[in-house]
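What follows is a short report on a single structure.
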Amino acid sequence: MTRRILLALACVCTVVSSGTVIDAQALDPIRYTLRFPAPHTHYLEVEAAIPTAGRAEVDVYMATWTPGSYLIREYERNVEAVTASAGSRALAVAKSTKNRWKITTGGAANVTLRYKVYSREMTVRNNWVESSFAMLNGAPTFITLVERAARPHDVRIELPAAWKRVETALLPVSGSSNTFRAADFDTLIDSPIIIGNPLTREFTVDGKRHVLVFEGDTALIDADRAVADVQKIVVAARNVMGPLQYPHYYFLNMVTEAGGGLEHKNSFLGMASRFMTRTDRAYKGWLGLIAHEYFHNWNVKRLRPVELGPFDYENENYVKTLWVAEGFTDYYADVLPKRAGIASRDEFLDGLSDQIEQVQTIPGRLVTPVNMASFDTWIKQYRPDENTANMSVNYYPKGAVIAFLLDARIRNATSGARSLDTGMQWAMQRYSGEKGYTPEQFYAVMSEAAGVDLKGWFAKTAESTEELDYTEALDYYGLRFRPVDARNARAYIGGGTRNDAGRLIVTSVRRGTPGIEAGLNVDDEILAIDDVRVRADGLAARLDLYKPGDKISVLVARRDRLMKLDVTLGPEPGRAWRLEPLPTATADQTAHLNALMDGK
Ligand SMILES: [Zn+2]
15 MTRRILLALA CVCTVVSSGT VIDAQALDPI RYTLRFPAPH THYLEVEAAI PTAGRAEVDV
75 YMATWTPGSY LIREYERNVE AVTASAGSRA LAVAKSTKNR WKITTGGAAN VTLRYKVYSR
135 EMTVRNNWVE SSFAMLNGAP TFITLVERAA RPHDVRIELP AAWKRVETAL LPVSGSSNTF
195 RAADFDTLID SPIIIGNPLT REFTVDGKRH VLVFEGDTAL IDADRAVADV QKIVVAARNV
255 MGPLQYPHYY FLNMVTEAGG GLEHKNSFLG MASRFMTRTD RAYKGWLGLI AHEYFHNWNV
315 KRLRPVELGP FDYENENYVK TLWVAEGFTD YYADVLPKRA GIASRDEFLD GLSDQIEQVQ
375 TIPGRLVTPV NMASFDTWIK QYRPDENTAN MSVNYYPKGA VIAFLLDARI RNATSGARSL
435 DTGMQWAMQR YSGEKGYTPE QFYAVMSEAA GVDLKGWFAK TAESTEELDY TEALDYYGLR
495 FRPVDARNAR AYIGGGTRND AGRLIVTSVR RGTPGIEAGL NVDDEILAID DVRVRADGLA
555 ARLDLYKPGD KISVLVARRD RLMKLDVTLG PEPGRAWRLE PLPTATADQT AHLNALMDGK
């Protein structure tokens with residue numbers, strides 16, 4: 015934000031692949047100019063002035079994925095009209111791999127690369143350009159040199175006349191309007207940019223400026239209410255993780271009816287609904303997203319698994335501890351609104367119960383350990399299919415539940431003197447920044463916080479498919495799972511369906527259900543039960559006519575061939591994983607739960 019900060023960042027030294035230490039300040043920046051000559055066509059035009067250091071050829075590339083969203087996305091598919099020149103001389107530029115280009119420089123000290131980017135994907139990891147605004151992410155926008163050096167990257171944005179402002183956590187270059195500097199390519203990739211006429215609010219915590227930004231259809235957003243509550247979440251998170259380590263922080267919200275959020279070091283980019291401050295449920299959901307993404311500024315952006323840096327932006331970066339990076343963050347997304355005074359005790363317990371239920375009702379929890387679900391995120395987490403629930407476990411809820419159990423473990427083992435907060439603070443002190451942690455180091459620091467060796471505990475919870483043990487946590491906090499009355503259970507086939515233009519199509523069949531036993535298949539069209547037609551929206555009502563144990567005949571069409579399946583209906587699994595306080599909770603147990611909820 016200030017010159018002083020810019021200089022401090024520019025002096026960072028780095029080790030290039032040859033092992034030579036070079037001073038980033040010695041490297042000339044790549045200078046980008048972004049233009050929007052026809053934003054209604056969804057195109058962004060990029061001009062990049064690239065220093066060549068006199069080389070005859072330079073290789074440039076575009077990242078294929080964005081940190082935080084672990085799937086190769088092939089952003090280069092939206093790039094077109096790539097040309098290069100030196101002054102008025104056109105240079106040869108040839109595509110060398112799916113996401114790389116080779117420029118023949120003719121000895122020029124600087125070359126200019128020009129290209130257009132089609133920008134019409136409203137997700138937190140891609141670009142969107144339309145007549146009234148632009149949302150840009152680093153990975154799908156900037157082509158850079160193939161090198162490991164920490165070279166500065168400058169971005170100058172030419173605004174269409176109707177757009178007034180640029181909102182980004184990138185540091186502005188003083189004296190140049192709408193010009194920003196990233197100390198290195200990582201910072202550029204890590205800094206989404208919103209351009210248009212956003213609605214903004216600001217607040218200060220510990221002397222640091224926080225900017226709440228809404229772009230899109232903002233007419234119904236109650237920004238004053240939102241900014242007050244976001245500030246409370248910032249304070250609650252600071253009380254867990256310690257000093258604020260960013261120069262400033264931007265909460266970037268696209269009010270576009272899309273979903274998702276993505277963390278960055280000094281900002282987050284999230285999707286919101288125009289109605290999100292209109293109902294309690296939507297509003298608290300949004301605040302939960304804010305708590306999650308904001309907490310990431312410590313957990314994963316500054317305290318990270320060792321594998322997540324330096325990033326290889328062209329290949330998968332395999333990591334086994336995303337259950338810490340995402341799951342522990344999700345746990346705190348439940349905890350922080352309670353500590354901030356935004357959520358009630360029952361809402362807090364409901365949030366935790368949702369996490370537990372998501373783990374305990376997934377057959378795949380008995381197939382894949384959560385550390386391997388993390389490792390395979392590149393092929394599974396972002397590519398769910400009809401069998402995902404049967405073979406894998408989601409590391410978000412399972413990590414959150416492990417955090418809940420670990421918090422109880424540490425509090426119980428230290429008689430309440432320490433907590434998961436302590437473990438996270440110590441991990442931050444030891445492994446933040448360039449270091450990163452291995453799984454073993456993470457286990458060790460948590461063991462230290464607990465005062466007992468937790469290696470075996472982590473081996474069971476995070477590295478095996480053993481069922482999680484809730485006994486200690488329930489007993490410590492005086493909680494129980496709400497008893498379920500099985501006598502009133504509804505009849506149940508198992509498996510998901512969808513209404514496909516009036517046809518009732520099976521979308522998934524879960525392991526251990528009557529449906530899979532009877533041979534029901536994904537893509538079967540259910541036509542009738544006991545020879546009476548079932549309409550696409552009528553399955554639940556029809557099953558209500560039966561009881562668990564009843565035998566029914568289900569007529570299905572499989573690839574247009576009709577067949578009857580004999581199904582013995584089971585009991586619909588009740589919501590057996592809902593936490594509630596024990597009616598007989600002792601004063602000590604209640605005090606333990608209050609300490610967790612109050613951040614003591
Ligand atoms: Zn996350």
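For any residue, its number in my numbering is found by taking its place in the sequence shown, counting from 1, and adding 14.
In this text, a Cβ means the ideal position worked out from N, Cα and C, and glycines have one as well.
Computed from a prediction, not measured in an experiment: that's the story for all the values here.
- Task: Pull up the DSSP beta-bridge partners for Y264, would you.
- Result: V225 and S281
- Given 8 angstroms as the limit, is there contact between the stretch 165-184 and the stretch 255-265, that is, 3 or more CB pairs closer than that? Taking 8 angstroms as the limit for Cβ pairs, the verdict is that the stretch 255-265 does touch the stretch 165-184.
- Identify the continuous beta strand (DSSP E) that holds E594 and give its terminal residues. L593 to P595
- Message: Closest to R223 by C-alpha separation, out of V241, P206 and G210, would be which residue?
- Response: Here the closest residue by C-alpha is V241.
- Query: For ligand 1, any of its heavy atoms closer than 7 angstroms to the Cβ of E277?
  - Reply: Yes, Cβ of E277 sits closer than 7 angstroms to a heavy atom of ligand 1.
- Query: Can you name the start and end residues of the alpha helix (DSSP H) that M611 belongs to?
  - Reply: A601 to D612
- Query: Is A77 helix, strand or coil by DSSP?
  - Reply: coil
- State yes or no: is the C-beta of T343 nearer than 7 angstroms to some heavy atom of ligand 1? yes
- Locate the beta strand (DSSP E) running through H56, then write down its first and last residues. No beta strand (DSSP E) holds H56; DSSP gives it neither H nor E.
- Task: Confirm, please, whether the CB-CB distance from L596 to G492 is below 8 angstroms.
- Result: yes
- Message: Let me make sure I understand the geometry here. Which of V160, E61 and R239 has the alpha-carbon closest to that of K130?
- Response: Answer by Cα proximity: E61.
- Query: Do you know whose CA, among L213, T402 and V107, lies nearest V523's CA?
  - Reply: T402
- Query: Should N151 go down as buried or exposed, given a rule of 16 or more other Cβ atoms within 10 Å for buried?
  - Reply: buried
- Residue burial classification, M577 (beta-carbon count within 10 angstroms, cutoff 16): exposed
- Task: Answer yes or no: the CB of H262 versus the heavy atoms of ligand 1, is any distance below 7 angstroms?
- Result: no
- Message: Assuming the contact rule is C-beta atoms closer than 8 angstroms, V520 and V536 should be a hit. Round their C-beta distance to whole Å, please.
- Response: 6 angstroms
- Would you mind reading off the limits of the alpha helix (DSSP H) that contains K298? D294 to F309
- What is the DSSP secondary structure of R573, reduced to helix, strand or coil? coil
- How should G508 be labelled, buried or exposed, when 16 other C-beta atoms within 10 angstroms of its C-beta is the threshold for buried? buried
- Message: What residue range does the beta strand (DSSP E) around A98 cover?
- Response: V93 to A100
- Item | Beta-carbon proximity of E71 to K116, cut-off 8 angstroms | yes
- Relative to the alpha-carbon of V143, which residue among A550, K334 and N92 has its alpha-carbon at the smallest distance? Among A550, K334 and N92, the Cα nearest to that of V143 is on N92.
- Cβ separation of L11 and D231, assumed to be a contact under 8 angstroms, to the nearest whole Å: The structure shown does not extend to residue 11, since the chain is modelled only from 15 to 614, so the question has no answer here.
- Task: Taking only the alpha-carbon atoms, compute the straight-line gap between L350 and T293 and give it to the nearest angstrom.
- Result: 20 angstroms
- Task: With distances taken Cα to Cα, identify the nearest neighbour of D558 among D551, R359, A505 and S433.
- Result: A505
- Query: Given a threshold of 16 other Cβ atoms within 10 Å of its Cβ, counted over all protein chains shown, does G210 qualify as buried or as exposed?
  - Reply: buried
- Message: Could you tell me which whole alpha helix (DSSP H) segments of length 4 or greater appear in the stretch 363-404?
- Response: Scanning the stretch 363-404 for uninterrupted alpha helix (DSSP H) segments of 4 residues or longer gives 384-389, listed from N- to C-terminal end.
- Task: Let me know the alpha helix (DSSP H) ranges lying completely inside the stretch 233-263, each 4 residues or longer, listed in chain order.
- Result: 237-255
- Query: So, using beta-carbon positions, are K246 and A175 closer together than 8 angstroms?
  - Reply: no
- Item | Coil, strand or helix - T598 by DSSP | coil
- In the structure shown, what three-state DSSP assignment does P206 receive? coil
- Message: Output needed for Y560: all residues of its chain with C-beta closer than 6 angstroms, excluding positions within five of it in sequence on either side, in chain order.
- Response: A505 and L583
- Item | Close beta carbons around M405, own chain, < 6 angstroms, minus the five adjacent residues each side | G378 and V381
- Minimum C-alpha distance to L234 - residue among D204, P383, V269 and G256: V269
- Message: Does the distance between the C-beta of H310 and the nearest non-hydrogen atom of ligand 1 fall short of 7 angstroms?
- Response: Proximity of the beta carbon of H310 to ligand 1 is indicated: a heavy atom of the ligand is located closer than 7 angstroms.
- Meets three-Cβ-pair contact criterion under 8 angstroms: the stretch 311-322 and the stretch 271-279: Counting C-beta pairs with one atom in each stretch, the stretch 311-322 and the stretch 271-279 have three or more that are closer than 8 angstroms, which means they touch.
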